[in-house]
Structures are given as structure tokens and as C-alpha cells.
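So the protein lines, in turn, are chains A and B.
Numbers 12 to 544, taken from this note's numbering, label the letters of the first sequence in order.
Numbers 27 to 337, taken from this note's numbering, label the letters of the second sequence in order.
Ideal Cβ placement from N, Cα and C applies to all residues, glycine included.
Working notes, beginning with the structure itself.
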Amino acid sequence: MKRSLRVAVREYLENIKTKGFWIGILIFPLLIWGMSELPILLEEKGIPTRHFILIDPAEDLGEIVERRVSRINRRRELTKLFEHVMKHGKQDRSSAIDLEQAQEQLESLLEEAGSSLDELGNPFSAASSLAKVADLLPDQFLENESAFKAMKSMVLSQLPAEAPPFQVPSKKFQRVWPPEGLLDGASETKDIEKRLKPYLAGKKLITSGGEEKELFALVIIPEDLPQTRKGLRFWSSNLANTDLKEAIEDSITKEVRSREFIKRNIDIQIIAEVTSIRLRSENFDPRKSEGEEKVGIKDQIRQWAPVGFVYLLWIAIFSVAQMLLNNTIEEKSSRVMEVLLSSVTAFELMMGKILGIAAVGVTLLSAWVGSLVAILALKAGPDAQWAFDLLAVVLTADLLVPFAIYFLLGYLLYASIFASLGSICNTIKDAQNFMGPVVLILMVPLVTMAFIPEEPNGTLARILSWIPLYTPFVMMNRAAASPPAFDLWGTSILLLVSVVLMMFAAARIFRVGILRTGQLPRVVELLRWLRKA
Amino acid sequence: MEIALTLDSVSKNFGDFKAVDDVSFEIPAGIICGFLGPNGAGKTTTIRMILEILRPSAGSITVLGAPSALEVRDRIGYLPEEKGLYKKMTAVGIITYFATLKGMRTSTARKKARALLEQYGLGDFADSKCEALSKGMSQKVQVLASMVHDPEFVILDEPFSGLDPVNQQVMEEVIRDMRKRGATVIFSTHVMSHAERICERILLMAKGKIIFDGSIADARRTIPRRVLISTDASIEALLGVEGVLGSRRPDGEEDSGSWEILIDDDLDPQELLRSAFDNGIALESFQHSEPTLHDVFVHLVGDDAKIAEAR
Numbered sequence: 012m013k014r015s016l017r018v019a020v021r022e023y024l025e026n027i028k029t030k031g032f033w034i035g036i037l038i039f040p041l042l043i044w045g046m047s048e049l050p051i052l053l054e055e056k057g058i059p060t061r062h063f064i065l066i067d068p069a070e071d072l073g074e075i076v077e078r079r080v081s082r083i084n085r086r087r088e089l090t091k092l093f094e095h096v097m098k099h100g101k102q103d104r105s106s107a108i109d110l111e112q113a114q115e116q117l118e119s120l121l122e123e124a125g126s127s128l129d130e131l132g133n134p135f136s137a138a139s140s141l142a143k144v145a146d147l148l149p150d151q152f153l154e155n156e157s158a159f160k161a162m163k164s165m166v167l168s169q170l171p172a173e174a175p176p177f178q179v180p181s182k183k184f185q186r187v188w189p190p191e192g193l194l195d196g197a198s199e200t201k202d203i204e205k206r207l208k209p210y211l212a213g214k215k216l217i218t219s220g221g222e223e224k225e226l227f228a229l230v231i232i233p234e235d236l237p238q239t240r241k242g243l244r245f246w247s248s249n250l251a252n253t254d255l256k257e258a259i260e261d262s263i264t265k266e267v268r269s270r271e272f273i274k275r276n277i278d279i280q281i282i283a284e285v286t287s288i289r290l291r292s293e294n295f296d297p298r299k300s301e302g303e304e305k306v307g308i309k310d311q312i313r314q315w316a317p318v319g320f321v322y323l324l325w326i327a328i329f330s331v332a333q334m335l336l337n338n339t340i341e342e343k344s345s346r347v348m349e350v351l352l353s354s355v356t357a358f359e360l361m362m363g364k365i366l367g368i369a370a371v372g373v374t375l376l377s378a379w380v381g382s383l384v385a386i387l388a389l390k391a392g393p394d395a396q397w398a399f400d401l402l403a404v405v406l407t408a409d410l411l412v413p414f415a416i417y418f419l420l421g422y423l424l425y426a427s428i429f430a431s432l433g434s435i436c437n438t439i440k441d442a443q444n445f446m447g448p449v450v451l452i453l454m455v456p457l458v459t460m461a462f463i464p465e466e467p468n469g470t471l472a473r474i475l476s477w478i479p480l481y482t483p484f485v486m487m488n489r490a491a492a493s494p495p496a497f498d499l500w501g502t503s504i505l506l507l508v509s510v511v512l513m514m515f516a517a518a519r520i521f522r523v524g525i526l527r528t529g530q531l532p533r534v535v536e537l538l539r540w541l542r543k544a
Numbered sequence: 027m028e029i030a031l032t033l034d035s036v037s038k039n040f041g042d043f044k045a046v047d048d049v050s051f052e053i054p055a056g057i058i059c060g061f062l063g064p065n066g067a068g069k070t071t072t073i074r075m076i077l078e079i080l081r082p083s084a085g086s087i088t089v090l091g092a093p094s095a096l097e098v099r100d101r102i103g104y105l106p107e108e109k110g111l112y113k114k115m116t117a118v119g120i121i122t123y124f125a126t127l128k129g130m131r132t133s134t135a136r137k138k139a140r141a142l143l144e145q146y147g148l149g150d151f152a153d154s155k156c157e158a159l160s161k162g163m164s165q166k167v168q169v170l171a172s173m174v175h176d177p178e179f180v181i182l183d184e185p186f187s188g189l190d191p192v193n194q195q196v197m198e199e200v201i202r203d204m205r206k207r208g209a210t211v212i213f214s215t216h217v218m219s220h221a222e223r224i225c226e227r228i229l230l231m232a233k234g235k236i237i238f239d240g241s242i243a244d245a246r247r248t249i250p251r252r253v254l255i256s257t258d259a260s261i262e263a264l265l266g267v268e269g270v271l272g273s274r275r276p277d278g279e280e281d282s283g284s285w286e287i288l289i290d291d292d293l294d295p296q297e298l299l300r301s302a303f304d305n306g307i308a309l310e311s312f313q314h315s316e317p318t319l320h321d322v323f324v325h326l327v328g329d330d331a332k333i334a335e336a337r
């Protein structure tokens, strides 16, 4: 045992000295951080203003589109403004105090502009915080220039003096005009398109506000669109971003519909009222305790969080079992093995290696889970309730305890497989031949990972749970769904038995395998090693 | 006399192949013993069984009084034929590691490792990674790793292979130093001159069996003494001298005037020289030399070695 520990200590120290280990440790928090920051960054910096040319000979529907575009831009500006105020406002101010005072302030501002909350629709009536007001803001506020300004100055006044000034975000969409004279004499759609094609393809730039811009899209609204309802042409070399196209289609469709309603003498106001009706279900879970059955976002997170754990488990087990394989092969191919064997028995050596690498794995996982918790704790705040919820779910014993147990058992199972594999291979190349099928087998829990939470106690999940190679992953996946006790204990016992059997087999194969060079053993030989020794 | 190692009817089979076949011998404590034999003779298998890396198919082995090397492994040092180091570890790190596996405390082991590296001229490379060492240097490091714990019983499998002549001498020194300290040393080699210089005892193995066990003098006695002469005259008269066993042309010189005259232990070669004068045989050369260990080796296992090479 003492010797195994010595082997383990060397194995641990040598492995944590490698660059690969530190890359592994650091890449995970970086990825998590990146995933939480990237969308924000992309939104702030990544997506430039989309410039588009609108050809509307009837000078009719174009205005509808422009109104929609301006609403989108203004909503974006206000959302950013609210976020800015939430972020920089004093913590205790943001939630409770302002609402009434803010409403009064807004009302007086609106009065000056000759409007009122009643007329525009009151976002305060259902809001519990300033953040909610932003979500509930009616379109009228955005369409009405003075209401928009009133809202803006009201929100800005909530910002403490020491806070950094608000940077107005760039517009999402911006209508531009064709270069002067370019379309002279071009009345046919074809001609217009032909002349603007070089701009759309990025070969020429369009001038707007004194600056040269790339043309994102060309929209041609035929004169008779309201009657024929076809012929709306959208040109763009960017097929992936459909925001503008959808906004245009939707705004024109709504306009054409409302004209049709009017034509058929149907009151638009009634239609608007009726279509604004939205029903939402409240979700309950019978497994939760009396009076608390209501399902919230936290429960959703709880349902899906195991997927993240399964993924961690998979990566951790694999990367460390792979380490074991490589180290064994290294000892074999560098011929260190035989010196070692004069000091430790094959079994002591194998156990030492397995232990040492397990410690590497535990270090890796603790670093990962620790950094995940740290990042969530940093993120969590009034504007990121999800981080709080996720943190609460991650830190419960329901997930962390099974995670630790399944990591250990799963690791031991795979470690014994990889150690025996390493012992019979002479080079990494030999090992790669075996790795192909092994990886294929191991893809199963990864592929099914996303489906299992939908039916955690379904047939597929249950069958996979009973295959010891998959038990750690699949049972981890089901951990949040309180699997039947029979499955929980049955699969655990089966897994434990498999681990013990595999360790015995591995010890025997390892003993013979590590001294063998030359040809890889055949399966019959392996079986003979298992029987003898 | 204290016995360091006893093998009693030890055999090892790999499937149908008998690698070691009913081998018995004893090695007294405190001597240097050469373990010789052609490739494939079963030396490494025997050594592995002594160290309990392999288990014998039959027979028993007693090492330092224990029925298994495992019980006394802290008192044994081993340098295998296939030598290797962890590429990423430093010289001092790896020697320390092997010493701790032999039960030494890490701090003591580290001091001892540095001292040994210094003593054998590797002081400047103590903190270099093994992958940066030359072959000779890494072999030295390995030898040091096998003796850092001052073992009573040392087994060196081909310690000279891969070393230049200067380092081969250093290696001989190392082995003699161990002996001076009171350790028993067994080493295997193909190079007979090393064995001839430093061994007190020789074991010769071929085809899984011990075919010779004794001192160097005993070994020399296994082949007849020879006198090499060169002459154009007939050597008929010399063959009549009492104690002459026969004559033959040396290998590869069948058409020359060279002869190899085999004589028994009692005949003084001077008798032969006198008889040549008396009989008017004009000698171009006359040479008497004791057989070398090389001759003994070729004599005893020459054909087996060729067969083994061809296999």
C-alpha cells in the first residue's frame, strides 16, 4: 500500500506538471465565462447596423416598414437604457422605491407633451420593478416621439450622478437611399436590381450620413402589393440573418390585414383587443411537497442541470482515463516498467497509477465545479436571477453527491479498462486501433444525454442505466427525476460489482501485458491470462 | 559460507516453449558472478524469476534467505536489460523516486541521489530532464537508480551494452565498488573480457540450461590447451609427443601452414618446442596461450549460439 501511494504521488505530481492539465483546468472556466459573456459582447459590438434600401414607388407601405424599424431601434435603445440604469443604479433603489415616483414623473412629462399614460397604455400597472416596466412597454411609447423622449428622460433621471453616462447603442436597422442619380431612368424592377447588385454584393459601398456603409439588403415593394399580395422582393447576400426580412414581412402583413379588415367593415380596435389575449398555463409537479408544487424556472433548471453534469463527467472520465492509458504505454515503451517491477508488484503499480490519476481527475473536477460556482456567484445579481437559481441547483446534495459517486465508480471502471488496454499495447498507435470502437461505444451516453431529461424514467433511459458502462452517465442524467429505488440501487450494485470484476481482470491482464513486447495478444490469449496467473 | 541466492530445479515454460529448463545453482554472498550465454539462452527470464517479476513454472528460489524476492526487494538492486527512464523527470528526481520505492525517505533519497550523480560525474546534469541526457548518461543514471539504496544483492542485466570503452571501465569500477561494500553482484553480458576481468564466478547458460558453473580457471579447463605453430614441414613427429591430443588447421586457414596442436594439462609446451628442434622441423612461429573466456564460450555454446541467432 505504501508503495502504491508512492507511485500515486509521482503519477499525480508528474501529471499536474503537464501543460495539458493546466489547459484542461483553465479552458473550462474560460468557456463558461465566454458562453455567458459572448452573446452580450456580440450584441454590443459584433452586429453592425444593417443598412437597407427600400424601393416603394407607391410611397405607401414603405412608411409602415420605417415605423416598425424605428420601433425596433427605439426598443433596443430603451432596453439598453433600462439595463444601464439597473446596473449602475444603487442596489436598494432599483427595486422598491421608484415605481410610484417614476410613474408620477413620467405622467407629468407626458402631460407637458400633451399625452397621458391612460392614452398610451400603462406599463406600471402590472410591473413589480423597473426591469419589468421595460418588458411591458407598449408599442405606443415607441411610436410616439414625445412619449419616447419622456420615458427616456424619466429613466435617465433614475441614474445616480456618479454613474457612467449612458452610451446610446447603435441602431439595429437603418434605411438609406440609393446613390444620387443611380436609379435615374430605371423604372423596371429588373433595372433597379441590376444597378444595385454591386452594392449588395459588397463590391461598392453606399454613402449614408457622410460615411461609407455596406449595403445589407434591398427591399422592393411593388405598387400593387396590397391587391396582388405578391411580388415583395428581398435581396441580401446574408442568408443567415433573417431579422430584417421577418420584420418587414410581419409589418406589411399586419398592415395589409388591417386594411382588409377595414374594407370588410370590421372594427380594428376589436381585432387588436381580441388578438392581444394570451393564455398561459401554470405548471405543477406532483412530486413536490404540498403547497409548493408550482413549477418555476428553478425547476426547469433542476431538470436540465444534470445534462451539464453528465457532460462534465464524460469529459473528466475520458480525459483522465486517457492519461492512464498514455502513461502506461509510456512506461512500457520507455522500458521503465521493468525497473519499477523490481520494486513494486504489478498490482501495486496498477493501483498506484489508478489512484494517482484519480487524484488528478478529482483536482480537475473540483477546479471545474469550483470555477463554475465562482462564475455563477459573480454573475448572480438582481439582473441575473438565473445565475442564483442555477447556483442553488448546482449546490444541492441531490446532484453533487451522485456526481462524486458516479465519477469515482465510472472512473474506476474505465480506468481498469484503459489500464489493461495500455498494458497490452506497445505504442500509442496500437492503442488508437482499440480506441476507435471504445469511443464509438462511449458516444452513446453523449448522444442520448439530451433526450433523457425529457423522459428520465422511460424505457431507453432504464435500459441504458442497466449497462454498467453507461450507468454513471445515464443515472447522473436521471438524478434530478428521482428514479425508482430499484433502478437506483440495482444499477449501483451492478456497477460496483462490475468495477470489482473489471479490476480483478485488469490486474491479471496488466501483470502479463506490461512485460510483453512485440505482437499484440489475441483475444484467446487474453482469456488464458485471465484464467491463469 | 553465506548463500545469497539459491535456485532449485527452476523451470519456466511459455506455452510449449521451455525458456528455462530445470536450473539449479547457488551463489555465495559477497562475490561478483558473471551470467553468460548466447541470445535467447534464458538469462533474462531467469533474472526475472529471481526478482519475482515472473513466477517459475516449477522449482523454488531463495533470495537473501527469503522464499520470494518480494519480501526482500528493498535489499535488492536491479538494472534491466531494456533500460528506460521517464523522459520528463529530472535525473535527480528519477533516482529519488526509485529510492523511495525501495523504502528510503524522500529527503535522504534526494541527498543520496545528488551525491551519487556528483560522484559519477553527472553533477551538472542532476536537474536536467532525462530526455536531454545522452544514452551513456541516462544509462549511468539508471545504474545509480539501481544502487542508490545500497542493496545487498545487485542484478545487472547487460550493464555494459551501449557504453563507450571509457564508460565501460567506469561501469567495471562501479561493480567492483559494490563488491567492496560487501554486496553480491550478478551481471549478464556478451562481452567476455568484462567477465574475465571482474568475475570470481561464472554461470554459462544455453538453451535454458546451465552448461557451466565455476571459476574462470575451471572454465578455461573445459577446453584443451593449444599451441599454435606455423611451418611448411610435416608435423607428424610432434603428434607422437606424450600429452599431445591431436592437431587441426585453425578455422579459415585450411590451406596455410598453420596448425593448432591440442595438448593435455600435463604437457609443458616447451617439450613440444624441443621436439620440433630435435626433429628438424623449421618453425616460422610458435605460440602458446591460455584459452580465453571467449574461446570457452565459443567452444561450449558456439553451435547453439549460431542456431539462436538464426532463430
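- The beta carbons of Ile-328 of chain A and Ile-435 of chain A sit about 21 Å from each other, so the pair does not count as a contact at 8 Å.
- Val-449 of chain A and Cys-156 of chain B have their C-alpha atoms spaced approximately 33 Å apart.
- In the three-state scheme derived from DSSP, where H, G and I count as helix and E and B as strand, Thr-90 of chain A is classed as helix.
- Per the DSSP secondary-structure output, Leu-288 of chain B pairs in a beta bridge with B:Arg-252 and B:Gly-272.
- Proximity of Arg-527 of chain A to chain B, defined by a Cβ-Cβ separation below 8 Å, is not satisfied.
- Ala-251 of chain A counts as exposed, since fewer than 16 other beta carbons sit within 10 angstroms of its beta carbon.
- Between Leu-31 of chain B and Ile-53 of chain B, the gap from beta carbon to beta carbon is short of 8 Å.
- Between the stretch 221–240 of chain B and the stretch 258–271 of chain B there are fewer than three C-beta pairs closer than 8 Å, too few to call the two in contact.
- Sixteen is the threshold: when 16 or more other Cβ atoms of the shown chains lie within 10 Å of the Cβ of Ala-357 of chain A, as they do, the residue is buried.
- Contacts with chain B at 8 Å (Cβ-Cβ) do not include Val-404 of chain A.
- A distance of 8 Å or more separates the beta carbons of Asn-444 of chain A and Thr-528 of chain A.
- Straight across, the Cα-Cα distance linking Leu-167 of chain A with Ala-174 of chain A is about 11 Å.
- Annotation: the stretch 68–106 of chain B contains the following complete segments of the alpha helix (DSSP H) (minimum length 4 residues), in chain order: 69–76.
- Identification of residues in the stretch 349–363 of chain A having a C-beta nearer than 9 Å to some C-beta of chain B yields Glu-349, Val-350, Leu-351, Leu-352, Ser-353, Ser-354, Val-355, Thr-356 and Ala-357, given in sequence order.
- Ile-307 of chain B sits in coil when the DSSP states are folded into three classes, being neither helix nor strand.
- By the neighbour-count criterion, in which 16 or more other beta carbons inside 10 Å mark a residue as buried, Ala-316 of chain A falls on the buried side.
- For Glu-97 of chain B, not one C-beta of chain A is nearer than 8 Å to its own C-beta.
- Here the alpha carbons of Glu-341 of chain A and Thr-60 of chain A stand approximately 55 Å from one another.
- Around Ser-119 of chain A, the same chain offers no residue with a beta carbon nearer than 6 Å, after the five sequence neighbours per side are excluded.
- Per DSSP, Gly-240 of chain B is one residue of the beta strand (DSSP E) stretching across 235–240.
- In the displayed model, Leu-216 of chain A falls within coil according to three-state DSSP, outside both helix and strand.
- Using beta-carbon distances, Lys-69 of chain B does not count as an interface residue toward chain A, since no partner is under 8 Å.
- Checking the DSSP bridge columns, you'll see Asp-183 of chain B partnered with B:Ser-214.
- Not one beta carbon of chain B lies nearer than 8 Å to the beta carbon of Glu-225 of chain A.
- Bridge pairing for Cys-436 of chain A: absent [DSSP].
- Excluding its 5 nearest sequence neighbours in each direction, Glu-154 of chain A has C-beta neighbours in its own chain below 7 Å: Arg-78 and Arg-82, listed in chain order.
- Taken atom to atom, the span from the alpha-carbon of Val-412 of chain A to that of Pro-483 of chain A is near 12 Å.
- Between Thr-200 of chain A and Arg-244 of chain A, the C-beta spacing is below 8 Å.
- If you draw a straight line from the Cα of Glu-349 of chain A to the Cα of Ala-95 of chain B, it is about 14 Å long.
- Only residues of its own chain outside the window of five on either side were considered, and among them Met-486 have a CB closer than 8 Å to the CB of Leu-499 of chain A, listed in chain order.
- For Lys-44 of chain B, the enclosing beta strand (DSSP E) starts and ends at 43–54.
- Distance from the CA of Ile-75 of chain A to the CA of Leu-128 of chain A, rounded to the nearest whole angstrom, comes to 24 Å.
- Take the alpha-carbon of Asp-153 of chain B and the one of Pro-64 of chain B: they are about 38 Å apart.
- Note: Asp-34 of chain B is bridge-paired with B:Ser-86 in the DSSP secondary-structure output.
- Exposure of Val-511 of chain A is indicated by the presence of fewer than 16 other C-beta atoms within 10 angstroms of its C-beta.
- Inclusion of Val-508 of chain A and Tyr-481 of chain A in the CB contact set at 8 Å is not warranted, their separation being larger than that value.
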